[in-house]
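> So the sequence shown is residues 151 to 775, counted in our numbering. Here a beta-carbon is modelled for each residue, glycine too, at the ideal position from N, C-alpha and C.
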Amino acid sequence: MDYKKLAQSILTDIGGKDNIDQGWHCATRLRFYLKDDSKAQTKKIEDLDGVITVVNSAGQYQVVIGNSVGKVYDALVDITGPLGESDSEASKDKDTSPKKKGNILNRLIGFLSGSFTPFIGAIAGAGILKGLLSLFVALHWMSTTSGAYKIWYAAGDSVFYFLPVLLAFTAAKQLKVNQFVSVALGLSLVYPSIVQLGAKNITLSFFGIPVVPTTYTSTVIPILLAVWALSYLEPLLNKIFPEAVRNIFTPLFSLMIMVPLTLIVVGPIGSYISNWLATGVSAIYKAVPVIAGALVGALWQVFVIFGVHWAFLPLALGNIAKLGYDPLLPITATAVLAQAGAALGVFLKTKDEKMKGLAGSGTITALFGITEPTIYGVTLKLKGPFYCSMIGGGIGGIIAAMAHAVATSFTMPSLLALPTYLGKGFVGEVIGIAVAFLVSAVLTYFFGVKNDQPAKTTVKPVDPKTINPNHVYAPVEGTIVPLKNVKDQVFASGAMGKGIAVVPSSDIVKAPIAGTVSALYPTGHAIGITSNNGIEVLIHIGINTVKLNGKHFKKLVKQNDHVKVGQPLVQFDYKAIKKDGYDPTVMMIITNSKNYKEVNPAPDTYATNQALLALVPIKKDKSKK
151 MDYKKLAQSI LTDIGGKDNI DQGWHCATRL RFYLKDDSKA QTKKIEDLDG VITVVNSAGQ
211 YQVVIGNSVG KVYDALVDIT GPLGESDSEA SKDKDTSPKK KGNILNRLIG FLSGSFTPFI
271 GAIAGAGILK GLLSLFVALH WMSTTSGAYK IWYAAGDSVF YFLPVLLAFT AAKQLKVNQF
331 VSVALGLSLV YPSIVQLGAK NITLSFFGIP VVPTTYTSTV IPILLAVWAL SYLEPLLNKI
391 FPEAVRNIFT PLFSLMIMVP LTLIVVGPIG SYISNWLATG VSAIYKAVPV IAGALVGALW
451 QVFVIFGVHW AFLPLALGNI AKLGYDPLLP ITATAVLAQA GAALGVFLKT KDEKMKGLAG
511 SGTITALFGI TEPTIYGVTL KLKGPFYCSM IGGGIGGIIA AMAHAVATSF TMPSLLALPT
571 YLGKGFVGEV IGIAVAFLVS AVLTYFFGVK NDQPAKTTVK PVDPKTINPN HVYAPVEGTI
631 VPLKNVKDQV FASGAMGKGI AVVPSSDIVK APIAGTVSAL YPTGHAIGIT SNNGIEVLIH
691 IGINTVKLNG KHFKKLVKQN DHVKVGQPLV QFDYKAIKKD GYDPTVMMII TNSKNYKEVN
751 PAPDTYATNQ ALLALVPIKK DKSKK
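1) Alpha carbon to alpha carbon, what distance is there between G447 and I677?
2) Ordered along the chain, which non-local residues of its own chain (more than five positions away) have a Cβ less than 7 Å from that of Q329?
3) For N635 and D171, I'd like the C-alpha separation in whole angstroms.
4) Decide if V416 is buried, meaning its Cβ has at least 16 other Cβ atoms within 10 Å, or exposed.
5) Hey, would you say A586 sits closer than 9 Å to G534, going by beta carbons?
6) Taking the alpha-carbon of P654 as reference, which of L698, I352, F641, D723 has the nearest alpha-carbon?
7) Here's a check: name, in chain order, each residue in its chain whose Cβ is nearer than 7 Å to the Cβ of P718, leaving out the five neighbours to either side.
8) I need the boundaries of the beta strand (DSSP E) containing I693, first residue and last residue.
9) If contacts are defined as beta-carbon pairs under 8 Å, then Y595 and K501 qualify, I think. What distance do you get, rounded to the angstrom?
10) Roughly how many whole angstroms lie between the Cα atoms of K326 and S381?
11) Cβ atoms of I371 and G443: under 9 Å apart, would you say?
12) Whole alpha helix (DSSP H) runs in the region 673-756 with 4 or more residues, listed along the chain?
13) Please list the segments of the beta strand (DSSP E) lying wholly inside the region 316-397, counting only runs of 3 or more residues, in order along the chain.
14) Just to check my reading of the structure: P751 and L763 have Cβ atoms closer than 8 Å, yes? What is that Cβ distance to the nearest angstrom?
15) Does L467 pass the burial test, meaning 16 or more other C-beta atoms within 10 Å, or should it be called exposed?
16) Which of the three DSSP states, helix, strand or coil, is assigned to H459?
17) Within this structure, are the beta carbons of T735 and G647 separated by less than 9 Å?
18) So if DSSP puts R179 in a beta bridge, which residue, or which two residues, is it bridged to?
19) Return the CA-CA distance between V580 and A551, expressed in angstroms with no decimal places.
20) Go ahead and pull the three-state DSSP assignment for K533.
21) When DSSP builds the beta bridges, which residues end up paired with P767?
22) Please return the same chain residues whose Cβ sits closer than 7 Å to the Cβ of P563, not counting the five positions on each side in sequence.
23) In the structure shown, what three-state DSSP assignment does K600 receive?
24) Got a sec? Which residues, its chain only, sit under 6 Å from H459 by beta carbon, not counting five neighbours each side?
25) Starting from L479, trace the beta strand (DSSP E) in both directions and tell me its first and last residue.
26) Contact between the region 506-517 and the region 555-562: three or more CB pairs below 8 Å?
27) Using the Cβ count rule (16 or more neighbours within 10 Å means buried), how would you classify W174?
28) Does the pairing of the region 288-298 with the region 259-274 give three or more beta-carbon distances under 8 Å?
29) What separation, rounded to the nearest whole angstrom, lies between the Cα atoms of L347 and T353?
30) Looking at L494 and A509, is the spacing between their C-beta atoms short of 9 Å?
31) Indicate whether E627 and T758 have their beta-carbon atoms separated by less than 9 Å.
32) Any idea if P464 is buried or exposed, counting beta-carbon neighbours within 10 angstroms, 16 or more meaning buried?
33) What do you reckon, are the CB atoms on K154 and D228 nearer than 9 Å?
34) Near V556, what residues of its chain come up, given a Cβ to Cβ distance below 6 Å and the 5 sequence neighbours on each side ignored?
35) Can you say whether P248 is buried or exposed, counting buried as having 16 or more other CB atoms within 10 angstroms of its CB?
36) Identify which residue in K504, L337, L427, G544 has its Cα closest to the Cα of V440.
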C-alpha cells in the first residue's frame with residue numbers, strides 16, 4: 151500500500167491541514183479535532199482503499215485504518231509537519247480546542263482519549279509484564295528476591311507508579327498548557343518525601359493550612375484535575391506578566407500556586423472521587439455480579455464504537471490503585487474474545503473472498519485486543535455477527551462475574567492479559583472467555599451470516615440524457631489516483647497525453663465515451679476509442695501487463711465496433727494480475743490532449759460511473775477564414 155498516497159487523500163478530504171486543529175493516532179485510528187467537521191467528505195474517505203470506516207464521536211473525527219495506522223500517520227506528518235503541536239497564544243484561545251468543543255460528555259471523553267492514547271501501548275505492555283511475573287512466581291520459575299524479578303518488576307511497575315507524570319504531559323498537550331510545567335506538577339505529587347508523608351499518614355502544614363496526607367502514585371484523577379486547573383491559571387498569568395519576563399515568571403508562579411493548591415485542595419478532591427468510584431463499582435459488582443457481567447460483556451464493544459470506553463479507563467486504573475484489583479477488566483476481555491469468535495464464524499461461513507480475508511485477519515487481531523478492524527470491517531458491517539458477539543460477550547461476562555474474576559494489573563483486554571487475572575476467579579475467567587468465543591462463533595456461523603454469497607456491487611449505468619460529449623467517464627470502478635503518481639514513467643510524465651488513473655476494485659473495463667473502437671491489442675491489455683466528436687482515448691490496463699500475453703484478459707468487443715458509454719469492453723482478473731507481480735492500475739489517456747485547451751480531472755477519490763475528465767475544446771477564431 152502507498153501510505154503517502156492514502157495520507158494525502160485523507161488530508162485532502164478532511165479539508166486540508168488548515169482544517170486540522172489537532173491530530174494524533176491510537177492503535178487503529180487517526181484522530182482529529184477539526185475546525186469545521188462539515189468540510190470533511192466522509193463518504194469519500196470511507197471509500198478510500200486502506201480506510202475501514204469513519205467515526206465522528208466524542209468531538210473527534212476518527213478515521214479507522216487498522217494495524218497500519220502508524221505508517222499512515224507518519225506519512226501524514228511528513229506532508230503536513232507536526233499536528234497540534236503549536237503552543238502559540240493564538241492556538242490556546244481557539245474555540246476549536248478540545249476543552250471548548252462539543253458538549254460536556256464529548257469534551258470529557260475526548261480529553262481522556264487524547265490523554266491516554268499516546269502511551270496506552272506502554273501501560274498495556276507494562277501490565278502484561280507484571281502479569282507474566284506473577285505467573286512465573288506462581289509456577290516457581292522465578293523468586294521475588296532474584297535480581298531478574300526486581301529489574302523486570304521495576305520495568306513493569308514504574309509506568310503505573312509514575313502515571314501522574316505521564317498523564318501530566320499528555321493532558322497538558324490536550325489542554326494546550328506548558329507541558330513541562332505540568333510534568334513538574336506531576337513530579338511533585340510523586341516526590342519521595344511527599345510519598346513517604348502520605349504512606350506514614352503525617353499531616354503537613356502550609357502556612358497554617360493542613361495538607362491531607364495522600365499517596366498519589368498510580369493515581370489518575372488528581373493530576374487530570376490539577377492540569378485542568380492549570381489550563382485556567384496559565385492564561386491569566388500570561389496576561390499579568392510582560393512578554394519579556396513571561397517565560398520565567400509564568401512557570402514560577404504556576405508551580406508556586408498549583409503545587410500547594412493541588413496538595414491541599416485538588417488532590418484530595420480527586421482522591422476522594424477515585425475512592426468513591428472504586429468503592430461504588432466494587433459494591434455494585436458484589437451485589438449484582440450477574441447484571442454487571444451481562445451488561446459490560448454485552449455492551450463493551452458498543453462503548454468502543456462510540457468512544458465511551460475511555461471513560462472506564464481511569465476507573466479501572468483507580469480501582470487497581472485503591473483496591474489492588476479491578477473487577478471490570480476481566481469482563482471486558484470476554485467481550486473482546488466474543489468479537490474474535492464472531493469474526494471466526496464469518497471466516498468459516500462466508501464465500502466472499504474479500505470478507506473472508508477481513509474476517510481471518512480480524513480474528514487474529516481481536517485475539518490480541520485490537521477489535522476496531524473486526525468491528526467496522528466485519529461484524530458491524532454484516533450486523534448479524536455483531537449481535538451474536540453481544541450475546542456471547544454477555545454470557546461470558548456473567549460467568550466471569552459469577553467467578554469474581556479480577557485484574558491485579560492494568561492491560562488492554564485480550565488473551566495476552568490472562569496472566570493479570572491470576573488468583574481468585576481465574577478458572578472462571580478462562581471458562582468465560584472460552585464460552586464467549588465459542589458461543590459467538592457458533593451463533594455467527596449458523597445465524598449471523600445471512601448471505602454467504604460473494605458480495606456484488608451494483609452501479610447504476612450512466613443516464614444517456616446526462617452524457618456530456620466533452621466528458622470522459624470512468625472506465626472502471628476503484629480508487630482514483632493522479633496520473634503523475636502511477637509507476638510508469640511514460641504515462642506519469644504525460645508524454646502520451648493527459649489523463650487519470652484508477653486502482654481497480656472491479657473486473658470490467660467500460661467504455662468511457664461513445665465512439666468507435668479504433669485500436670484493440672491482441673493481448674487485451676489496452677484498447678483505444680475515438681469518440682464521435684474526435685476525442686481519442688487510450689485505456690491501458692495495468693503496468694507492463696503486455697508481458698502476460700493475454701493471460702487474465704478477455705476481450706468483449708472487436709475493433710471498429712461502435713460502443714456506448716458504460717458498455718463493457720474488457721474483462722480482466724485484477725487480483726490474479728496483482729498476484730502475478732504486476733500493478734493492475736488502469737490508466738486512461740487522452741492521446742490528442744494537444745487539441746484541447748484544458749483536460750481537467752475530477753476532484754473525486756473513488757470512481758464508479760461519473761465523469762473523470764472534463765475537456766475544454768480550443769475555440770476557433772470565427773473571424774479568420
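Result, derived from the coordinates:
1) 56 Å
2) F319, A322, K323
3) 29 Å
4) buried
5) no
6) D723
7) I658, K660, L706
8) First-last for I693: undefined, no H or E at that position.
9) That pair is no contact at about 13 Å.
10) 7 Å
11) no
12) 724-729
13) 354-356, 359-361
14) Contact between P751 and L763 holds, since their C-beta atoms are separated by about 6 Å, short of 8 Å.
15) buried
16) helix
17) At least 9 Å separates the beta-carbon of T735 from that of G647.
18) Listed as beta-bridge partners of R179 by DSSP are V214.
19) 12 Å
20) coil
21) Y746
22) L479, T482, A483, V486, G519
23) coil
24) Only F453 meet the Cβ criterion.
25) Where L479 is concerned, there is no enclosing beta strand (DSSP E), although the alpha helix (DSSP H) it sits in stretches over 478-499.
26) no
27) buried
28) With the cut-off at 8 Å, the region 288-298 and the region 259-274 do not touch.
29) A direct Cα-Cα distance of roughly 7 Å separates L347 from T353.
30) yes
31) With respect to T758, E627 sits close: the two C-beta atoms are nearer than 9 Å.
32) buried
33) yes
34) Y475, P477
35) Unreliable placement is indicated for P248, whose pLDDT of 47 sits below 50; the coordinate value is still reported in the next sentence. So P248 counts as buried.
36) G544
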